[in-house]
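Q: Residue numbers (this note's numbering): 7 to 338.
Just so you know, even glycine gets a beta-carbon here, dropped at the ideal spot from N, CA and C.
All values derive from a computational prediction rather than experimental measurement.
Before I ask anything, here is the structure I am working with.
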Ligand code: GLU
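Right, dumping it as structure tokens:
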């Protein structure tokens with residue numbers, strides 16, 4: 007009994023010492039600041055979102071002692087998935103196409119039933135993305151109209167590109183539910199399926215150069231980028247589209263001899279109103295203050311400018327990001 011009592015007394019006294027040390031912050035017992043985690047939702051690993059998330063994380067994590075923040079990157083189904091995961095709190099950040107950001111905030115397309123996603127916040131925009139269509143030369147697809155009756159991947163439901171493919175097809179009077187054999191696989195799987203002759207063509211809205219198109223254009227089967235017609239009509243109908251092209255120089259394996267005309271959007275970084283200001287501030291500040299280093303992390307970032315990164319944002323800018331833009335004298 008005596009031993010039991012003395013052990014209890016010992017435990018109690020140790021606890022008192024422990025508690026008092028914790029309260030006495032500047033002495034030996036000071037606890038290190040707790041690390042907070044912020045996950046960035048990206049896309050398939052052969053896209054540009056995945057290395058973009060990696061680039062943001064690399065820059066921010068270099069200061070984890072300062073902010074007590076550690077960014078991690080997750081490969082996901084793409085823009086639509088990322089918007090929804092950010093809003094449900096499963097992800098803190100997501101890379102999202104500018105058109106998808108606009109649609110979510112205004113309750114259009116996939117968000118028509120759920121209504122305007124008012125808690126969506128923008129942080130900054132990133133590289134341009136081109137709505138890209140690649141076909142197997144042997145499939146006999148030389149122009150967009152040749153897609154009729156072919157096996158064409160328009161993208162998985164969580165992706166950004168699916169709606170772009172549907173818009174491109176509709177602008178040329180092609181009904182994806184009737185006139186083509188539409189497939190809905192993830193972009194990362196499409197190059198392999200094309201090379202295995204299980205697909206005739208696939209759409210992917212992505213920055214260039216991308217691993218997916220390098221893979222698809224350097225296989226056994228010859229492939230060709232197909233121009234998207236009626237881009238003037240698309241731009242007139244949808245405020246978030248702009249004309250762009252796919253540089254032939256990035257893909258020497260493709261059968262093309264000139265750049266391919268198409269339309270496109272911008273990649274953007276989004277978050278939710280529920281994410282703390284200091285977390286969004288840290289991410290924004292570190293990317294902008296290490297801008298040249300960031301730009302060198304992917305060739306698709308070559309065209310980025312600080313001012314351009316404040317364009318194409320339709321959801322309100324998160325207050326944490328705004329705090330940095332004000333400090334830096336940048337005007338969104
Ligand atoms: N734009 C595609 C999407 O939103 C992803 C592109 C990428 O991963 O680079 O689904």
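Between the region 176-183 and the region 131-145, are three or more C-beta pairs nearer than 8 Å?
A: No: the two stretches stay apart, fewer than three of their Cβ pairs being nearer than 8 Å.
Q: If you check the beta carbons only, do residue 81 and residue 51 fall under 8 Å apart?
A: Yes; because the gap between Cβ atoms is below 8 Å, this pair is in contact.
Q: Quick one: residues in its chain with C-beta nearer than 6 Å to the C-beta of residue 166, no 5 flanking neighbours on either side, listed in chain order?
A: So the list reads 84, 85, 103, 106, 211, once near-sequence residues are dropped.
Q: Helix or strand or just coil, what does DSSP make of residue 167?
A: In the structure shown, residue 167 sits in a helix (DSSP, three-state: H, G or I).
Q: Among 226, 252, 216, 132, which one has its Cα closest to the Cα of residue 233?
A: Checking every option, the nearest Cα to that of residue 233 belongs to 252.
Q: In terms of residue numbering, what span does the alpha helix (DSSP H) encompassing residue 326 cover?
A: First-last of the alpha helix (DSSP H) with residue 326: 325-333.
Q: Run through DSSP, which three-state label would residue 201 get?
A: Residue 201: helix per DSSP, three-state reduction.
Q: Enumerated in chain order, which unbroken segments of the beta strand (DSSP E) with a length of 3 residues or greater are wholly contained in the region 99-178?
A: As far as the region 99-178 is concerned, its whole beta strand (DSSP E) runs of at least 3 residues are 99-103, 126-142, 157-159.
Q: Count the other CB atoms, across all protein chains shown, that sit within 10 Å of the CB of residue 285; report buried if there are 16 or more and exposed otherwise.
A: It counts as buried.
Q: Under a CB-based cut-off of 8 Å, is residue 240 close to chain B?
A: This model lacks chain B altogether, as it is built from one protein chain only.
Q: Leaving aside the five residues before and after residue 327 along the sequence, list all residues of the same chain whose C-beta is less than 6 Å from its C-beta, in chain order.
A: Around residue 327: 129, 286, 290.
Q: Going along the chain, which residues of its own chain have a beta-carbon closer than 6 Å to the beta-carbon of residue 320, five neighbours each way excluded?
A: So the list reads 107, 108, 111, once near-sequence residues are dropped.
Q: Quick check: is any heavy atom of the ligand GLU less than 7 Å from the C-beta of residue 50?
A: Within the cutoff, so yes.
Q: Go through its chain and collect everything with a Cβ distance to residue 220's Cβ below 6 Å, but skip five positions before and after it.
A: So no residue of the chain qualifies.
Q: Out of curiosity, what's the CA-to-CA distance linking residue 294 and residue 312?
A: Whole-angstrom Cα-Cα distance: 7 Å.
Q: With C-beta atoms as the reference, is residue 114 less than 8 Å away from residue 93?
A: Not closer than 8 Å, so no.
Q: Assess, as a yes-or-no matter, whether the region 203-210 is touched by the region 152-167 under the definition of 3 or more beta carbon pairs within less than 8 Å.
A: Yes, since at least three Cβ pairs between the region 152-167 and the region 203-210 fall closer than 8 Å, the two stretches touch.
Q: Buried or exposed for residue 226, going by 16 or more other Cβ atoms inside 10 Å?
A: Flag for residue 226 reads exposed.
Q: Excluding sequence positions up to five away, which residues of its chain have a Cβ less than 6 Å from the Cβ of residue 168?
A: For residue 168, where only same-chain residues beyond five positions count, the Cβ hits under 6 Å are 160, 161.
Q: Take residue 263 as the anchor and find which of 170, 231, 282 has the nearest alpha-carbon.
A: Nearest of 170, 231, 282 to residue 263, Cα basis: 231.
Q: Can you check whether the CB of residue 274 is closer than 8 Å to the CB of residue 75?
A: Not a contact, by the Cβ cut-off of 8 Å.
Q: Kindly indicate which three-state DSSP category residue 277 falls into: helix, strand or coil?
A: Residue state, collapsed to three classes: strand.
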